[in-house]
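Novice:
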Amino acid sequence: MSAVIRLPSPLRASVGGATTVPIDAADLRALPAAIADRYPDLAARVVRDGAFGRFITVFIDGEDARFLPAETDLTSARVVELLPAVSGGAG
1207 MSAVIRLPSP
1217 LRASVGGATT
1227 VPIDAADLRA
1237 LPAAIADRYP
1247 DLAARVVRDG
1257 AFGRFITVFI
1267 DGEDARFLPA
1277 ETDLTSARVV
1287 ELLPAVSGGA
1297 G
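Take any residue in the sequence shown, note its place counting from 1, add 1206, and you have its number in my numbering.
Okay, structure coming up:
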């Protein structure tokens, strides 16, 4: 079973405007490579040197992936969210 990547507006153009795309990755460690293989334009925005860039936060079924082990099984995951950092402010 594959998980679904939910994409915010800034990343949708990388996958033809889709709000969600399927992804097959065995575990959290394999996720960046799976994205690079299937969605190279998206990977160019979120993956650096085989890992997620420092300004991308990943959530697996609502849990922050920074606090999950690399072996976290994604075959039973339902939703992967990729959230780019937002900067700026009033002024």
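Beta carbons: idealized from backbone N, C-alpha and C, even for Gly.
Given the structure is predicted, the values throughout are model-derived calculations rather than measurements.
Contact between the region 1242–1249 and the region 1258–1271 is defined here as three or more beta-carbon pairs at a separation below 8 Å; is this criterion met?
Specialist: No: the two stretches stay apart, fewer than three of their Cβ pairs being nearer than 8 Å.
Novice: From the DSSP output, in three-state form, read off residue 1249 for me.
Specialist: For the purposes of this step, residue 1249 is taken as the residue at position 43 of the sequence shown. The DSSP-derived three-state label of residue 1249 is helix.
Novice: Beta-carbon separation of residue 1332 and residue 1211 under 8 Å?
Specialist: Any answer about residue 1332 is impossible in this case: the structure gives the chain only from 1207 up to 1297.
Novice: Whole angstroms are fine: how far does the CA of residue 1292 sit from the CA of residue 1209?
Specialist: The residue you call residue 1209 lines up with position 3 of the sequence shown. The residue you call residue 1292 lines up with position 86 of the sequence shown. Residue 1209 and residue 1292: Cα-Cα distance of roughly 25 Å.
Novice: Select from 1256, 1238, 1260 the residue whose C-alpha is nearest the C-alpha of residue 1286.
Specialist: Counting from 1 along the sequence shown, the entry for residue 1286 is found at position 80. The shortest Cα separation from residue 1286 among 1256, 1238, 1260 belongs to 1238.
Novice: Grouping DSSP H, G and I as helix and E and B as strand, with all else coil, what is residue 1289?
Specialist: Translated into the one-based positions of the sequence shown, residue 1289 becomes position 83. Assignment of residue 1289 by DSSP, reduced to helix, strand and coil, places it in the strand class.
Novice: Assign residue 1258 to one of two classes, buried (16 or more other C-beta atoms within 10 Å of its C-beta) or exposed (fewer than that).
Specialist: Taking the sequence shown and counting its residues from 1, the one referred to as residue 1258 is at position 52. By the neighbour-count rule (16 or more Cβ atoms within 10 Å), residue 1258 is buried.
Novice: Between residue 1230 and the rest of its own chain, which residues show a CB-CB distance below 7 Å, the 5 nearest in sequence each way excluded?
Specialist: Counted from its first residue, the sequence shown places residue 1230 at position 24. If we look at residue 1230 and ignore the five residues flanking it on each side, its Cβ neighbours are 1208, 1240.
Novice: What are the start and end residues of the alpha helix (DSSP H) that includes residue 1218?
Specialist: Residue numbering aside, residue 1218 sits at position 12 when the sequence shown is read from its first letter. Run containing residue 1218: 1215–1218, per the alpha helix (DSSP H) assignment.
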